[in-house]
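Position 244 of the sequence shown, counting from 1, maps to 992 under this note's numbering, and the rest follow consecutively.
Single-structure report; data block below.
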Amino acid sequence: MGELEMLLRTPSRTPETLLSYQRVMRTLENHLARRLAVGDLRHLDDRNLQLAITWHDLRPFISASTDRQYKAALMQHLREHPSEEDIDRVVMELLDPEQGISEIEHDDRLAEQRKRNLVARRGSQQRARYVSPEDWHTLITALCASSSQVGKLAAVWLASTRATGLRPCEWATARRQGVTLIVQNAKATNGRSHGPTREIFVGGLEPMQLRIIDSLLDVMAMLPEGAFVDLYNRVRDLVADVGRASLTKRSTYPTLYSARHLFAAEAKRELTRIEVAALMGHRSIASAAQSYLEGRYAQGGGALKVRASDRDMDAVRRANGSDPDLKH
């Protein structure tokens, strides 16, 4: 296998990872479109080379973690949409240069440039984990009143996610059987989940909440094959746009994932770590504690209305060993 083929060989990727790559590439395409609109890079005929140069020029203005996301997404894009081999080799030299002295010096300069440029918050730092009850009401109301075709769907997506704790992308394949919501764990193939699926008992939810969830499941069931990513992107972008338009100016704004954070806070307030991991599709009991909103941010005084299955809780126990059934 040649060097270029080795660099471009396809690794195992989860659907959630591929979805994130598509979102990143959409952002990069937007950056490129703005450059092309003013005549920049038009002398280059190859799209992959245009994208690679756009990423390369963005590097001083994005964080190191965002830079890694762009690079990984571009690598995946190159695997799926290769150019002529000579062009791809030039692109790969931009993406994965040999670590010589000059490249190390370049990385040092890049780090210094980022220190100067990254003064304001951006990217994931602008995404709110906590949303106050007042802001939640404002956002849901504004989405329902939106003229967008997906306005009400966005509100339903948020409400359903907050009630059940699903990752927003997991609604693509979720289904309900009686009082059980069956979910394909998005991160199962990475070893970060306790199994390929999880079961969430939703019988304790209010009838209106179940109707809202069913309406979202109906939309997903009727989607043509391959249409989920586009719909997800439209809903995600609308939540961001409506949040910025309807809420007072702030450093962070709600996203679809904010609803999962709110669910996590309520779960962590009253359930054991075993139960929280089982409900949220985690393998490790530490995941929710490290990555999600703390229980002190839980809203309302009512008990959580969904429950994990015994099967999923047993799987989490086996994955973690001993008996970590402790309250947060």
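Glycine included, C-beta positions come from ideal geometry on N, C-alpha and C.
Below 8 angstroms on the Cβ atoms is my contact criterion, and I expect Glu947 with Gln932 to pass it. Report the Cβ-Cβ distance as a whole number of Å.
Within the sequence shown, residue 947 is the residue found at index 199, counting from 1. Within the sequence shown, residue 932 is the residue found at index 184, counting from 1. That belief does not hold up - the Cβ atoms of Glu947 and Gln932 are roughly 11 angstroms apart, past 8 angstroms.
Enumerate, from N- to C-terminal direction, the unbroken alpha helix (DSSP H) stretches of 4 or more residues contained entirely within the region 766 to 821.
795 to 806
Among Ala907, Ala1013, Pro881, which one has its Cα closest to the Cα of Ile961?
As a position in the sequence shown, residue 961 is number 213, starting the count at 1. The option with the nearest alpha carbon to Ile961 is Ala907.
Would you call the region 975 to 990 in contact with the region 943 to 958, where contact means no fewer than 3 C-beta pairs closer than 8 angstroms?
no
Please confirm if the region 1001 to 1012 is in contact with the region 877 to 884, defined as three or more CB-CB distances below 8 angstroms between the two stretches.
yes
Based on the DSSP output, what are the partners of Leu929 in its beta bridges?
For the purposes of this step, residue 929 is identified with residue 181 of the sequence shown, where counting begins at 1. Answer by DSSP bridge pairing, in chain order: Arg924, Ile948.
Checking the sheet assignment: what are the DSSP bridge partners for Arg1055?
As a first step, residue 1055 must be located in the sequence shown, where it is residue number 307. Phe949.
Leu995 to Leu887, Cα distance in whole Å?
Working through the sequence shown from its first residue, we reach residue 995 at position 247. Working through the sequence shown from its first residue, we reach residue 887 at position 139. If you take the alpha carbons of Leu995 and Leu887, they lie about 7 angstroms apart.
Using the rule of at least 16 other Cβ atoms within 10 Å of the residue's Cβ for burial, across every protein chain shown, is Asp1060 buried or exposed?
Within the sequence shown, numbered from 1, the residue matching residue 1060 stands at position 312. Buried: at least 16 other Cβ atoms inside 10 Å.
Give a yes or no on whether 8 angstroms exceeds the smallest Cβ distance from Pro830 to chain C.
This model lacks chain C altogether; it includes just one protein chain.
Thr996 - DSSP class collapsed to helix/strand/coil
As a first step, residue 996 is located in the sequence shown; it is residue number 248 there, counting from the start. Note: Thr996 maps to coil in three-state DSSP.
Is DSSP giving Thr689 helix, strand or coil here?
Given that the chain is displayed from residue 749 to residue 1076, the structure contains no residue 689 and the question cannot be resolved.
Could you say which of Leu891, Arg1055, Arg1021, Leu826 lies nearest to Gly1069 if we only look at CA atoms?
Translated into the one-based positions of the sequence shown, residue 1069 becomes position 321. With distances taken between Cα atoms, Gly1069 lies closest to Arg1021.
Nearest-angstrom Cα distance between Leu767 and Gln957?
Locating residue 767 in the sequence shown gives position 19, counting from the first residue. Locating residue 957 in the sequence shown gives position 209, counting from the first residue. If I take the Cα positions, the gap works out to 27 angstroms.
Using only alpha-carbon positions, find the residue among Arg959, Ala975, Tyr1005, Pro944 that is nearest to Arg910.
As a working mapping, residue 910 is identified with position 162 in the sequence shown. Ranking Arg959, Ala975, Tyr1005, Pro944 by Cα distance to Arg910 puts Tyr1005 first.
Met773 versus Arg998: straight-line alpha-carbon distance, rounded:
Along the sequence shown, read from residue 1 onward, the residue named residue 773 stands at position 25. Along the sequence shown, read from residue 1 onward, the residue named residue 998 stands at position 250. Distance between the alpha carbons of Met773 and Arg998: 27 angstroms.
Does the beta carbon of Ala781 fall short of 7 angstroms from some heavy atom of the ligand GDP?
You won't find the ligand GDP in this model; it holds no ligand whatsoever.
Would DSSP call Tyr1001 helix, strand or coil?
Counting from 1 along the sequence shown, the entry for residue 1001 is found at position 253. Correct three-state label for Tyr1001: strand.
Go through its chain and collect everything with a Cβ distance to Ser1057's Cβ below 6 angstroms, but skip five positions before and after it.
As a position in the sequence shown, residue 1057 is number 309, starting the count at 1. Once the five neighbours on either side are set aside, the close Cβ partners of Ser1057 are Glu947.
Roughly how many angstroms separate the alpha carbons of Pro972 and Ala1063, rounded to a whole number?
Taking the sequence shown and counting its residues from 1, one reaches residue 972 at position 224. Taking the sequence shown and counting its residues from 1, one reaches residue 1063 at position 315. Taking the straight line from one Cα to the other gives about 34 angstroms.
Taking just the CA atoms, how far does Glu764 sit from Glu753?
Numbered from 1 along the sequence shown, position 5 holds the residue referred to as residue 753. Numbered from 1 along the sequence shown, position 16 holds the residue referred to as residue 764. In this prediction, Glu753 has a pLDDT of 44, which is less than 50 and means its spatial position is unreliable; nothing more can be read from the coordinates.
Could you spell out the range, first to last residue, of the alpha helix (DSSP H) harbouring Ser908?
In the sequence shown, residue 908 corresponds to position 160, counting from 1. Where Ser908 is concerned, the enclosing alpha helix (DSSP H) stretches over 899 to 912.
What does the Cβ neighbour count give for Gln925, buried or exposed, with the cut at 16 atoms within 10 Å?
For the purposes of this step, residue 925 is taken as the residue at position 177 of the sequence shown. Flag for Gln925 reads exposed.
Selection from Gly787, Ala1025, Arg807 that minimises the alpha carbon distance to His942:
Here residue 942 is taken as the residue at index 194 of the sequence shown, counted from 1. Per the Cα distances, Ala1025.
Could you round the C-beta distance between Ala1067 and Arg1031 to whole angstroms and report it? I think they count as a contact, below 8 angstroms.
Indexing the sequence shown from 1 puts residue 1067 at position 319. Indexing the sequence shown from 1 puts residue 1031 at position 283. Confirmed, about 5 angstroms.
Just checking my contact of Val983 with Val1054 at CB under 8 angstroms: how many whole Å lie between their CB atoms?
Position 235 of the sequence shown, counting from 1, holds the residue named residue 983. Position 306 of the sequence shown, counting from 1, holds the residue named residue 1054. About 22 angstroms; that fails the 8 angstroms criterion.
Can you give the Cα-Cα distance for Leu776 and Val927, rounded to whole angstroms?
On the sequence shown, position 28 is the one that residue 776 refers to. On the sequence shown, position 179 is the one that residue 927 refers to. Roughly 42 angstroms between the two C-alpha positions.
CA-to-CA distance, Leu964 to Thr921, given in whole angstroms:
In the sequence shown, residue 921 corresponds to position 173, counting from 1. In the sequence shown, residue 964 corresponds to position 216, counting from 1. In a straight line, the C-alpha of Thr921 is about 11 angstroms away from that of Leu964.
If distances are taken between C-alpha atoms only, which option among Glu882, Arg923, Met968 comes closest to Ala902?
Here the question's residue 902 lines up with position 154 in the sequence shown. Nearest option by C-alpha distance: Met968.
Using three-state DSSP, classify Pro881 as helix, strand or coil.
Taking the first residue of the sequence shown as position 1, residue 881 is located at position 133. Pro881: helix per DSSP, three-state reduction.
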